[in-house]
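Notes follow the structure.
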Amino acid sequence: MSKNNPTSVKQADQKEIKVKRESFFHAARGDSKFKRLIIHLILIGYCVLSVYPLLRIFSVSLRPGNRLLSTDLSIIPANATLENFRLVFNQGLLQWIWNSLIITVGTSIVGVIIAATSAYAFSRFKFRGRTPLLIYLLTTQMIPSAMLMVPLYILAINLKMVGTYTGLVFAYAVTSVPFSIWILKGYYDTIPVDLEEAAVIDGCTRLESFWKIILPLSTPALAIAFLFNFSQAWNEYLIARVILGSQESILTWPLGLQRMIGQYLSQWGQYNAGALIVSVPVMLLFLYMSKYMISGLTLGSVKG
Amino acid sequence: MLIDPEVMLNSFKEVILTVLIVLAAIAALEGLLYLIFVRWLKLKNAIVIMLISPAVIGLLILQVFPLLWEARLSFTNMSLKHFFNFDFIGLKNYIRVFTEPVLKQVTFFPLLARTILWTAVNIIFHVVGGMCLALLLNREMKLRGLYRMLIIIPWALPQVVAVLAWRGEFNFEYGWINLVLQRIGLTPIPWLTAPVPNFIAMCMVNIWLGIPFMTVIFLGGLQSISGEFYDAAEIDGASKWQSFWNVTLPLMQPIMAPAVILGTVWTFNTFNVSFFINQFELETSDILVTALFRAAFQYNRYGFAAAFAFVIFFILLAYSIFYVKTTKAVEGAEVR
């Protein structure tokens, strides 16, 4: 599928950069002013739609307790207060965030290590069972998480792992591995084999060349895989709910926040304050990483 | 008390210990494999075995084994009542999935039809919306970076937060959707309590959540299409519309196929949206996966739920095999 064999890569390189710069936005050449205006209006409209719910979260989090339920639509409500932020910390938000953070970082590290090495094997070696394995990895994307939960829950009961992080870390560890392998394999595929061959001639072993050449070059893809693992575990609700049960101090933040809104929106302001605290750092990280993410997801799957 | 240092330390210890044990196990495994395959058997492909075995073993223990175990479970009558003393009852669970109500009233086929409708509606909006936005963004213009960043926000927001916030906004009296409807003179809609509006609400939220992913993927694809193709099309006298159909779409095929297949499977399996937006547990808003969750963890029919899970899995498998066969989406699996 990808045509980047060494010689054509070198030849195409310089030409490609030039062509790309000239024709990058080719499709838009010669738009009239009116057309541009319409395009901007459509985009602004859609942006409002995609940001407004977030602004509402912000707005509700500033509402004082006695005006929680109001028909006010302004972004900064009357009598805005930070009271909700204080209250939500008293509810144990920090504890929940801490729990989520360590579980997430722990599982992401394990997940990326496992994926990075096996993706290398899939990218550079031909071996029996390679294609079936790759197809198996794709198939696992089809397993509904609710499906694995039944056996994991019953196994966790039998192994006395309900209500422990050990059970949760195990349950999370491999969920993102198949997808990470696909991303990383795709990225390794784009790194010319010559680099490694040169290193092997210089006396490196295969493992050394992987460690010294491929891994450093793959930093963006590794970051994507890490981020993917991270966001999967950070936002996970279902398995955590089943495995952790209901003891308040060990909850992860999605469980904790969810618990704050019962049927009657009694702690609606606090929920929104908590939601904002949890979301903003993750969102900034995500937006910052999104450019790597895009190149990582598309690289190797489309030829220029 | 904002946070209890002791609780904090305990949870830290527990996770670190688990991670260290896993890493130590991997290291031990690698050492063992090295001794067996490199030193003893002197295999040429030993490095492959060493590279893939952590993933393979991890998947075997945490995915394949639980699935096989669940397959066995699906032939038993295990439930909360028969947790330890369950019996094998043959194919009864599978027959029950199709003949008896899955939850209280709803049966399998209406659930399946609703899930297919849900998936189709969502995917159509995701792909068309994503493509439109990507085409609009794929040009040199002011504020391009800002637009792209704002459009990604629904994807960047943690899903549980987004969905629960939307649920609050579907509140009959205080949610902004009904407030806006009222201000422009329409009657408010009971989003959370009436079956059809609730289903529409679910779709709205999921479309909102899914468009950014498709936009980003399609934008990446559009930017990697060389302008030469369009030049050629222009010389041949193609209109913009024609060059979209005959140049852009075919060249986007390799990136659209996996995006659509993954998107379909993800939408089919979306749990959070239909579970949370359906606040009052209307059985008319359940899709297959949420019904599966309820059958297992609210009705505690584990054996039945296992059979149900396999039925869902085989539906997805059949779909994917069909799709992969027709579009050859796994071509990348060949060694180059």
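Protein sequence lines, in the order shown, are assigned to chains D and C. Just so it is clear: in the first sequence, position 162 is 165 by my numbering, and no numbers are missing. Just so it is clear: in the second sequence, position 54 is 162 by my numbering, and no numbers are missing. For each residue, glycine too, the CB sits at the ideal point set by N, CA and C. Just so you know, these numbers come straight off a predicted model, no measurement behind them.
Between the CA atoms of residue j and residue i - distance to the nearest angstrom
{"i": "Q331 (chain C)", "j": "K188 (chain D)", "result": "22 Å"}
{"i": "Y123 (chain D)", "j": "N82 (chain D)", "result": "58 Å"}
{"i": "L85 (chain D)", "j": "F233 (chain D)", "result": "30 Å"}
{"i": "L400 (chain C)", "j": "K348 (chain C)", "result": "47 Å"}
{"i": "T398 (chain C)", "j": "L219 (chain C)", "result": "10 Å"}
{"i": "L149 (chain C)", "j": "L159 (chain C)", "result": "17 Å"}
{"i": "S293 (chain D)", "j": "T184 (chain C)", "result": "46 Å"}
{"i": "R127 (chain D)", "j": "I134 (chain C)", "result": "22 Å"}
{"i": "L128 (chain C)", "j": "P135 (chain D)", "result": "31 Å"}
{"i": "D195 (chain C)", "j": "L188 (chain C)", "result": "13 Å"}
{"i": "F321 (chain C)", "j": "N246 (chain C)", "result": "15 Å"}
{"i": "S282 (chain D)", "j": "K129 (chain D)", "result": "43 Å"}
{"i": "F416 (chain C)", "j": "L125 (chain C)", "result": "36 Å"}
{"i": "G259 (chain D)", "j": "L90 (chain D)", "result": "14 Å"}
{"i": "F28 (chain D)", "j": "E248 (chain C)", "result": "Model confidence at F28 (chain D) stands at a pLDDT of 48, short of 50, so the residue's coordinates are unreliable; what they give is reported in the following sentence. The straight-line gap from Cα to Cα measures roughly 6 Å."}
{"i": "K215 (chain D)", "j": "Q261 (chain D)", "result": "45 Å"}
{"i": "P195 (chain D)", "j": "M364 (chain C)", "result": "26 Å"}
{"i": "R133 (chain D)", "j": "E239 (chain D)", "result": "31 Å"}
{"i": "I231 (chain C)", "j": "I319 (chain C)", "result": "9 Å"}
{"i": "P113 (chain C)", "j": "V51 (chain D)", "result": "42 Å"}
{"i": "S103 (chain D)", "j": "M116 (chain C)", "result": "11 Å"}
{"i": "I285 (chain C)", "j": "P266 (chain C)", "result": "21 Å"}
{"i": "A224 (chain D)", "j": "P362 (chain C)", "result": "20 Å"}
{"i": "M286 (chain D)", "j": "R147 (chain C)", "result": "49 Å"}
{"i": "N69 (chain D)", "j": "D75 (chain D)", "result": "13 Å"}
{"i": "T392 (chain C)", "j": "L143 (chain C)", "result": "59 Å"}
Near the ligand NAD: residue i beta-carbon under 7 Å from a heavy atom
{"i": "S73 (chain D)", "result": "Absent from the structure shown: the ligand NAD. Ligands present: none."}
Bridge-paired residues (DSSP) for residue i
{"i": "T184 (chain C)", "result": "C:F196"}
Spatial neighbours of residue i in its chain, beta-carbon cut-off 6 Å, leaving aside the 5 residues before and after
{"i": "F337 (chain C)", "result": "V355"}
{"i": "I333 (chain C)", "result": "L359"}
{"i": "L96 (chain D)", "result": "G277"}
{"i": "V368 (chain C)", "result": "none"}
{"i": "Q270 (chain D)", "result": "M263"}
Contacting residues, own chain, Cβ-Cβ under 7 Å from residue i (five flanking each side not counted)
{"i": "S212 (chain D)", "result": "E199, A202, V203"}
{"i": "F412 (chain C)", "result": "N201, R204, A403"}
{"i": "V271 (chain C)", "result": "V313, N380, V381, F384, I385"}
{"i": "T107 (chain D)", "result": "F233, A236, W237"}
{"i": "S111 (chain D)", "result": "F229, N232, F233, A236"}
Residue i vs residue j beta-carbon contact at 8 Å
{"i": "L140 (chain D)", "j": "W99 (chain D)", "result": "no"}
{"i": "L247 (chain D)", "j": "P174 (chain C)", "result": "no"}
{"i": "L141 (chain C)", "j": "I165 (chain C)", "result": "no"}
{"i": "P298 (chain C)", "j": "Q290 (chain C)", "result": "no"}
{"i": "L370 (chain C)", "j": "A242 (chain C)", "result": "no"}
{"i": "I78 (chain D)", "j": "L58 (chain D)", "result": "yes"}
{"i": "Y191 (chain D)", "j": "I227 (chain D)", "result": "no"}
{"i": "F447 (chain C)", "j": "L258 (chain C)", "result": "The displayed coordinates of chain C run from 109 to 444. Any statement about residue 447 (chain C) would go beyond what the structure contains."}
{"i": "V324 (chain C)", "j": "I260 (chain C)", "result": "yes"}
{"i": "L288 (chain D)", "j": "F61 (chain D)", "result": "no"}
{"i": "T120 (chain D)", "j": "P162 (chain C)", "result": "yes"}
{"i": "R66 (chain D)", "j": "P80 (chain D)", "result": "yes"}
{"i": "V177 (chain D)", "j": "L167 (chain C)", "result": "yes"}
{"i": "A302 (chain C)", "j": "F278 (chain C)", "result": "no"}
{"i": "F72 (chain C)", "j": "F206 (chain C)", "result": "Chain C is shown from 109 up to 444; residue 72 (chain C) falls before or after that span and cannot be answered."}
{"i": "M145 (chain D)", "j": "L425 (chain C)", "result": "yes"}
{"i": "G114 (chain D)", "j": "S183 (chain D)", "result": "yes"}
{"i": "N87 (chain D)", "j": "G272 (chain D)", "result": "yes"}
{"i": "P305 (chain C)", "j": "S53 (chain D)", "result": "no"}
Sequence-distant residues of its chain with Cβ nearer than 8 Å to residue i (five each side left out)
{"i": "L151 (chain C)", "result": "F145, I157"}
Best match in the options for proximity to residue i [C-alpha to C-alpha]
{"i": "R204 (chain C)", "options": "C:A414, C:I325, C:V268", "result": "C:A414"}
{"i": "P468 (chain C)", "options": "C:Y407, C:F422, C:N377, C:F233", "result": "Chain C is shown only over 109 to 444; residue 468 (chain C) falls outside these bounds and no answer can be derived."}
{"i": "K433 (chain C)", "options": "C:V115, C:P366, C:F418, C:K189", "result": "C:P366"}
{"i": "W101 (chain D)", "options": "D:T255, D:A243, D:T143", "result": "D:T255"}
{"i": "L199 (chain C)", "options": "C:L181, C:L357, C:N193, C:I315", "result": "C:L181"}
{"i": "K250 (chain C)", "options": "D:L44, D:S62, D:V177", "result": "D:L44"}
{"i": "A149 (chain D)", "options": "C:F430, C:V368, C:I395, C:I429", "result": "C:I395"}
{"i": "F430 (chain C)", "options": "C:L254, C:V373, C:I292, C:S393", "result": "C:V373"}
{"i": "H190 (chain C)", "options": "D:I157, D:T167, D:T74, D:A243", "result": "D:I157"}
{"i": "V334 (chain D)", "options": "D:G48, D:I264, D:I253", "result": "Outside the shown range of chain D, which is 4 to 307, sits residue 334 (chain D), and nothing can be said about it."}
{"i": "G253 (chain C)", "options": "D:I47, D:Q273, D:P257, D:D197", "result": "D:I47"}
{"i": "I242 (chain D)", "options": "D:L40, D:Y175, D:I146", "result": "D:Y175"}
{"i": "T227 (chain C)", "options": "C:V419, C:F376, C:L424", "result": "C:F376"}
{"i": "S249 (chain D)", "options": "D:T167, D:F125, D:L162, D:L151", "result": "D:T167"}
{"i": "V447 (chain C)", "options": "C:L317, C:R222, C:M186", "result": "With chain C represented from 109 up to 444, any question about residue 447 (chain C) goes unanswered, as that position is not in the structure."}
Proximity test, Cβ basis, 8 Å: residue i and chain A
{"i": "C50 (chain D)", "result": "In summary, chain A is missing from the structure at hand, where the protein chains are D and C."}
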